[in-house]
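Only one structure is covered here, and it is reproduced in the block below.
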Amino acid sequence: MDASESQVVVSSSSRGRDADIVSWQALSEEAYKAFERKRYVQAEERFQDALKLAEGLTTAKHAAKAASPEDRQDFERLTKSLNNLAALYHLQGKYEMAEAMYDRCLDLKLDLYGDDHLEVAVNLHNLAALQCAKLRWEKAEILYTRALEIREKHLGNEHADLMPILKNYAIMLRKIKRDDEAQAMEERKSRIESLVAAAK
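Just so we're aligned, residue 14 is where the sequence shown starts under my numbering, counting upward by one.
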């Protein structure tokens, strides 16, 4: 364990909240850089260290009762750390570990934002993609549908942020031989793509 790692295990209360936040940001950035370079072992270590700090910042708090801006920000850091690790595990094929992280992240977001928030849609989309990787098509479809509904409600039916869900949903439908439905998704994505391009 190097010096930076040894600092991580020191409690939030003893080091001070501000110092922990700075360390969390630095560790997260190191992890992103390692991830981009495909240094997954290093990325995992740094993401785990960042998660420990984020957990320390939220000790003895509950997301549903996070009334102050500072408390909410602390839980938002925790959701980011959980999602980062989940995405890394997902990429590596560690699906059970990824699902546990995604589920924990989703539970926190539901407490923070309620069940009809764009941040919740992000997690539903991620979980849907994971269920596809595990060949759990019915679960994936439920998650894709709900993620799409939330984004449509908040963003409208022609927003660029609908395209990733439409694309991945269509890929899933192709895999399970529902080609007509997949084509409808693909055509809708293409229409949105054209509208977005024309608006630039």
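Where a beta carbon is used, it is the ideal one built from N, C-alpha and C, also for glycine.
Check residue i in the structure and name its three-state DSSP category.
| i | result |
| --- | --- |
| Gly127 | coil |
| His167 | helix |
| Ser81 | coil |
| His75 | coil |
| Arg59 | helix |
| Gln105 | coil |
| Ile6 | There is simply no residue 6 to check, as the chain begins at 14 and stops at 213 in what is shown. |
| Val23 | Because the pLDDT at Val23 is just 39, under 50, the model does not fix this residue reliably, and the value given afterwards should be weighed accordingly. Coil. |
Taking 6 Å as the cut-off, is the CB of residue i close to at least one heavy atom of the ligand SAH?
| i | result |
| --- | --- |
| Thr71 | The ligand SAH is absent from the structure shown, which contains no ligand whatsoever. |
Could you name the residues of the same chain whose beta carbon sits closer than 6 Å to that of residue i, not counting the 5 residues immediately before and after it, in chain order?
| i | result |
| --- | --- |
| Leu161 | Ile178 |
| His103 | Ala111, Leu143 |
| Glu199 | Ala183 |
Check each candidate in the options and name the one with the smallest Cα separation from residue i.
| i | options | result |
| --- | --- | --- |
| Leu137 | Glu151, Leu119, Glu109 | Leu119 |
| Asp129 | Tyr45, Lys78, His167 | His167 |
| Lys152 | Leu186, Lys122, Asp124 | Leu186 |
Determine the extent of the alpha helix (DSSP H) in which residue i is found, giving its start and end residues.
| i | result |
| --- | --- |
| Asp31 | 30 to 49 |
| Ala230 | Residue numbering for the chain in the displayed model covers 14 to 213; residue 230 lies beyond these limits and cannot be assessed. |
| Lys213 | Lys213 -> no alpha helix (DSSP H), and no H or E assigned at all. |
Would residue i pass as a contact of residue j if the rule is Cβ separation under 7 Å?
| i | j | result |
| --- | --- | --- |
| Ala113 | Leu143 | no |
| Asn96 | Phe60 | no |
| Asn139 | Tyr115 | yes |
| Leu66 | Trp37 | yes |
| Arg164 | Leu175 | yes |
Excluding the 5 residues flanking residue i on each side, which residues of the same chain have their C-beta closer than 7 Å to its C-beta?
| i | result |
| --- | --- |
| Arg201 | Leu179 |
By Cβ distance, which residues of its chain are closer than 8 Å to residue i, with the 5 residues on each side in sequence left out?
| i | result |
| --- | --- |
| Asn181 | His138, Ala141, Ala142, Cys145, Tyr157 |
| Glu89 | Leu125 |
| Leu121 | Ala76, Phe88, Leu91, Thr92, Leu95 |
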